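J.: In full-length UniProt numbering, the protein residues as written are 1 to 536.
1) Rounded to whole angstroms, what is the Cα-Cα separation between residue 252 and residue 169?
2) Would you check if the distance between the CB atom of residue 209 and the CB atom of residue 250 is smaller than 8 angstroms?
3) To the nearest angstrom, how far is it from the Cα of residue 300 to the Cα of residue 143?
4) Residue range of the beta strand (DSSP E) that residue 271 falls in?
5) Using the C-alpha atoms, what's the distance from residue 426 back to residue 364?
6) Whose C-alpha, out of 148, 270 and 494, is nearest the C-alpha of residue 398?
7) At what residues does the alpha helix (DSSP H) containing residue 363 begin and finish?
8) Enumerate, from N- to C-terminal direction, the unbroken beta strand (DSSP E) stretches of 3 or more residues contained entirely within the segment 320 to 384.
9) So, at 6 angstroms on beta carbons, what are the nonlocal neighbours of residue 1 in its own chain, with the 5 sequence-adjacent residues on each side left out?
10) Taking residue 138 as part of the alpha helix (DSSP H), name the residues at either end of that continuous run.
11) State the start and end residues of the unbroken beta strand (DSSP E) segment that holds residue 395.
12) Mind reading off the beta-carbon distance from residue 100 to residue 125? Whole number of angstroms is fine, and I expect it under 8 angstroms.
13) Leaving aside the five residues before and after residue 61 along the sequence, list all residues of the same chain whose C-beta is less than 6 angstroms from its C-beta, in chain order.
14) In this structure, does DSSP put residue 26 in helix, strand or coil?
15) Should residue 87 and residue 107 be called a contact, given that it needs their Cβ atoms to be closer than 8 angstroms?
16) To the nearest angstrom, how far is the alpha carbon of residue 405 from that of residue 337?
17) Among 157, 57 and 21, which residue has its Cα nearest to the Cα of residue 72?
18) Can you name the start and end residues of the beta strand (DSSP E) that residue 86 belongs to?
19) Please report the Cβ distance between residue 278 and residue 388, rounded to the nearest whole angstrom; I am assuming they are in contact, meaning their Cβ atoms lie under 8 angstroms.
20) State whether the segment 118 to 133 contacts the segment 145 to 161, with contact taken as three or more CB pairs (one from each stretch) at a distance under 8 angstroms.
21) Name the two residues that bound the continuous alpha helix (DSSP H) containing residue 239.
22) Could you tell me how far apart the beta carbons of residue 369 and residue 322 are, in whole angstroms, since I believe they sit closer than 8 angstroms?
23) Would you mind reading off the limits of the beta strand (DSSP E) that contains residue 104?
24) Measuring CB to CB, does residue 24 end up less than 8 angstroms from residue 31?
25) Do residue 326 and residue 356 have their C-beta atoms within less than 8 angstroms of each other?
26) When burial is assigned at 16 or more other CB atoms within 10 Å of the CB, is residue 4 buried or exposed?
27) Exposed or buried, residue 53, counting other C-beta atoms within 10 Å across all chains shown (16 or more means buried)?
28) If you draw a straight line from the C-alpha of residue 65 to the C-alpha of residue 29, how long is it?
29) Whose C-alpha, out of 332, 112, 344 and 234, is nearest the C-alpha of residue 276?
30) In the DSSP output, which residue or residues are listed as bridge partners for residue 37?
31) Can you give me the start and stop residues for the beta strand (DSSP E) that residue 302 sits inside?
32) Let me know the secondary structure DSSP gives residue 477 once reduced to three states.
33) Can you list, in chain order, the residues of its chain whose CB lies under 6 angstroms from that of residue 535, leaving out five sequence neighbours each side?
34) So is residue 177 buried or exposed if we call it buried at 16+ other beta carbons inside 10 Å?
35) Please name the residue or residues paired with residue 63 in a DSSP beta bridge.
36) Could you give the DSSP three-state label for residue 68: helix, strand or coil?
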């Protein structure tokens with residue numbers, strides 16, 4: 001809202017409101033709204049007097065003020081800003097302090113008792129400090145959010161890569177299935193075309209035979225209808241010969257499509273294994289637990305073939321119990337067809353004892369027969385190999401349908417992809433370790449280079465020290481020689497001094513004698529004699 005002064009300045013001089021469509025009189029520069037102006041001039045627009053300055057005016061003397069809305073908005077913003085930065089309790093006081101207790105901006109009078117401040121005992125700080133702190137915290141949060149956005153963008157890229165990988169995987173699997181589907185269609189068409197050609201040929205033969213019979217029937221019926229009895233009797237042999245010449249209608253065997261057509265190329269491969277139990281007679285006497293043999297077969301699955309002497313609940317019968325167990329494989333049940341053969345000792349395959357069954361297998365599940373074959377009939381039946389005292393089994397199994405086989409293949413593919421991912425992770429870890437090792441090696445090389453440089457410096461220092469030692473040794477030798485020379489010189493000097501002292505005393509003694517002689521001569525002076533002066 002504008003202040004009262006501004007409201008009075010810019011409001012209409014008639015209705016005292018502040019409409020948006022203001023017009024201004026060009027004589028007195030006062031404002032009037034368009035609706036009030038229309039009321040003054042009426043529908044005909046005759047000249048009237050200005051309601052403020054009373055000047056004679058027309059409607060053209062009132063102009064629309066285009067700059068006024070922007071000017072009013074600017075004034076309104078200034079008023080709002082000035083009001084927002086002033087204390088509501090103490091007029092004209094700027095909000096320069098921040099009360100930390102209340103979390104509000106206050107003025108300097110709000111913390112003073114003399115101005116009845118409400119925040120006297122509160123904790124406070126300057127608005128500049130809290131503003132700087134706020135900006136710092138906000139920027140930290142902005143940086144954190146930007147980091148989170150960057151991290152989120154990376155995760156989105158990873159997500160896109162994962163999505164693309166899954167889409168590519170789906171496309172590959174669909175393409176494989178489409179190729180397999182097309183191949184199956186082609187094989188079915190090819191196989192059925194062979195049988196259709198055969199059937200078409202048989203139908204052609206049958207149609208020819210039927211046409212021949214119908215033709216003879218038509219001719220004979222015409223003869224019967226057109227001939228008399230005498231003529232028919234005379235034509236009897238001819239008519240009968242016509243029927244005798246007719247070919248007999250062929251008989252063709254029907255085709256079992258499910259057995260003869262699909263079995264040629266939709267037969268799933270068998271997984272086979274062989275189990276031989278040596279020392280059967282000895283083990284049979286003390287046989288309490290299963291004898292288990294493990295096999296690693298196709299699609300990275302681990303199977304066990306288990307034989308027990310009498311796992312049956314029938315205690316009155318002594319029979320072999322045989323089971324197949326999936327140790328490691330599918331986590332969901334898969335339908336399998338399995339066959340176990342007890343091999344005849346003669347080697348004749350037709351004499352083997354064979355049992356076939358179907359059941360579901362997943363990791364940890366087993367299927368088989370508690371009563372597979374009576375133990376007492378092994379020898380009489382020819383299944384106990386007397387020379388080697390052994391029995392021999394051949395087992396084989398396959399997924400029950402192509403769809404079950406596809407589940408196994410999918411599981412095997414997932415296992416391989418999982419191993420591949422683990423291998424990639426292991427390679428990545430090894431590469432990281434390799435980088436660390438390379439960094440360590442590089443750092444060690446740097447240290448070795450530093451050590452080698454230091455070693456060279458030490459060698460140089462040791463070499464210089466060795467030279468210094470040699471120089472010191474030479475100087476010591478020279479010093480010793482100098483000391484010896486000094487000692488000899490001292491000795492010579494002492495000898496010289498001693499000798500000098502000896503010579504000086506003798507000279508003084510001789511000189512004293514000469515002096516005494518001279519004095520004596522002077523005491524005995526004779527003027528006629530020449531005076532001799534002695535120089536000392």
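For glycine and all other residues, C-beta sits at the position ideal for the given N, C-alpha and C.
Nothing here was measured: the structure is a model prediction, and the numbers come from that model.
T.: So, from the listed chains and residues:
1) Mapped onto the chain shown, residue 252 falls at position 252. Mapped onto the chain shown, residue 169 falls at position 169. Whole-angstrom Cα-Cα distance: 50 angstroms.
2) In the chain shown, counting from the first residue as 1, residue 209 sits at position 209. In the chain shown, counting from the first residue as 1, residue 250 sits at position 250. Yes, the Cβ-Cβ distance between residue 209 and residue 250 is below 8 angstroms.
3) Walking along the chain shown from the start, residue 300 turns up at place 300. Walking along the chain shown from the start, residue 143 turns up at place 143. About 51 angstroms.
4) Working through the chain shown from its first residue, we reach residue 271 at position 271. It spans 271 to 278 - the beta strand (DSSP E) in which residue 271 sits, taken as one unbroken run.
5) By one-based count along the chain shown, residue 364 stands at place 364. By one-based count along the chain shown, residue 426 stands at place 426. Whole-angstrom Cα-Cα distance: 29 angstroms.
6) As a working mapping, residue 398 is identified with position 398 in the chain shown. Cα-wise, what sits closest to residue 398 is 270.
7) In the chain shown, counting from the first residue as 1, residue 363 sits at position 363. Taken as a continuous stretch (DSSP letters only), residue 363 belongs to no alpha helix (DSSP H), as it is neither H nor E.
8) The segment 320 to 384 contains, as complete beta strand (DSSP E) runs of 3+ residues, the segments 334 to 342, 353 to 361 and 366 to 374 (chain order).
9) Locating residue 1 in the chain shown gives position 1, where the first residue counts as 1. For residue 1, the pLDDT reaches just 42, beneath the cut-off of 50, and the residue's location in the model is therefore unreliable, leaving the point undetermined.
10) Against the chain shown, residue 138 aligns to sequence position 138. Unbroken alpha helix (DSSP H) run through residue 138: 127 to 226.
11) Position 395 of the chain shown holds residue 395. It spans 390 to 399 - the beta strand (DSSP E) in which residue 395 sits, taken as one unbroken run.
12) The count along the chain shown starts at 1 and reaches residue 100 at position 100. The count along the chain shown starts at 1 and reaches residue 125 at position 125. That pair is a contact at about 6 angstroms.
13) Walking along the chain shown from the start, residue 61 turns up at place 61. Correct list, in chain order: 26.
14) Locating residue 26 in the chain shown gives position 26, counting from the first residue. Note: residue 26 maps to coil in three-state DSSP.
15) Along the chain shown, one-based indexing puts residue 87 at 87. Along the chain shown, one-based indexing puts residue 107 at 107. Yes, these two residues count as a Cβ contact at 8 angstroms.
16) The count along the chain shown starts at 1 and reaches residue 405 at position 405. The count along the chain shown starts at 1 and reaches residue 337 at position 337. Rounded to the nearest angstrom, the two C-alpha atoms are 11 angstroms apart.
17) Mapped onto the chain shown, residue 72 falls at position 72. When each option's Cα is compared against that of residue 72, the closest is 21.
18) The residue you call residue 86 lines up with position 86 of the chain shown. Where residue 86 is concerned, there is no enclosing beta strand (DSSP E), given that its DSSP letter is neither H nor E.
19) Counting from 1 along the chain shown, the entry for residue 278 is found at position 278. Counting from 1 along the chain shown, the entry for residue 388 is found at position 388. Between residue 388 and residue 278 the Cβ distance is about 7 angstroms, and since that is below 8 angstroms, they are a contact.
20) no
21) Taking the first residue of the chain shown as position 1, residue 239 is located at position 239. Element bounds for residue 239: 236 to 245.
22) As a first step, residue 369 is located in the chain shown; it is residue number 369 there, counting from the start. As a first step, residue 322 is located in the chain shown; it is residue number 322 there, counting from the start. Right, their Cβ atoms sit about 6 angstroms apart.
23) Here residue 104 refers to the residue found at position 104 when the chain shown is read from its first residue. Segment 104 to 106, the beta strand (DSSP E) holding residue 104.
24) In the chain shown, residue 24 corresponds to position 24, counting from 1. In the chain shown, residue 31 corresponds to position 31, counting from 1. Yes, they are a contact pair.
25) The count along the chain shown starts at 1 and reaches residue 326 at position 326. The count along the chain shown starts at 1 and reaches residue 356 at position 356. Taking 8 angstroms as the cut-off, the Cβ atoms of residue 326 and residue 356 do not count as close.
26) In the chain shown, counting from the first residue as 1, residue 4 sits at position 4. Because the pLDDT of residue 4 is 49, which lies under 50, any placement of that residue in the model is unreliable, and the number read from its coordinates should be weighed accordingly. For residue 4, the number of other beta carbons within 10 angstroms of its own is below 16, and it is reported as exposed.
27) Numbered from 1 along the chain shown, position 53 holds the residue referred to as residue 53. Flag for residue 53 reads exposed.
28) Here residue 65 corresponds to residue number 65 of the chain shown, with the count starting at 1. Here residue 29 corresponds to residue number 29 of the chain shown, with the count starting at 1. Rounded to the nearest angstrom, the two C-alpha atoms are 10 angstroms apart.
29) Walking along the chain shown from the start, residue 276 turns up at place 276. The shortest Cα separation from residue 276 among 332, 112, 344 and 234 belongs to 344.
30) Translated into positions along the chain shown, residue 37 becomes position 37. Paired residue(s): none; residue 37 is not in a bridge.
31) Start at 1 with the first residue of the chain shown, and residue 302 comes out as number 302. 301 to 308 is the span of the beta strand (DSSP E), which, as asked, contains residue 302.
32) Here residue 477 is taken as the residue at index 477 of the chain shown, counted from 1. Note: residue 477 maps to helix in three-state DSSP.
33) Position 535 of the chain shown, counting from 1, holds the residue named residue 535. Residue placement at residue 535 is poorly supported in this model, since its pLDDT is 39, which falls under 50; the coordinates still yield a value, given next. Nothing listed; no residue qualifies.
34) Residue numbering aside, residue 177 sits at position 177 when the chain shown is read from its first letter. Classification for residue 177: exposed.
35) As a position in the chain shown, residue 63 is number 63, starting the count at 1. 24, per the DSSP bridge assignment.
36) Residue 68 sits at position 68 when you count from the first residue of the chain shown. If DSSP states are grouped into helix, strand and coil, residue 68 belongs with the helices.
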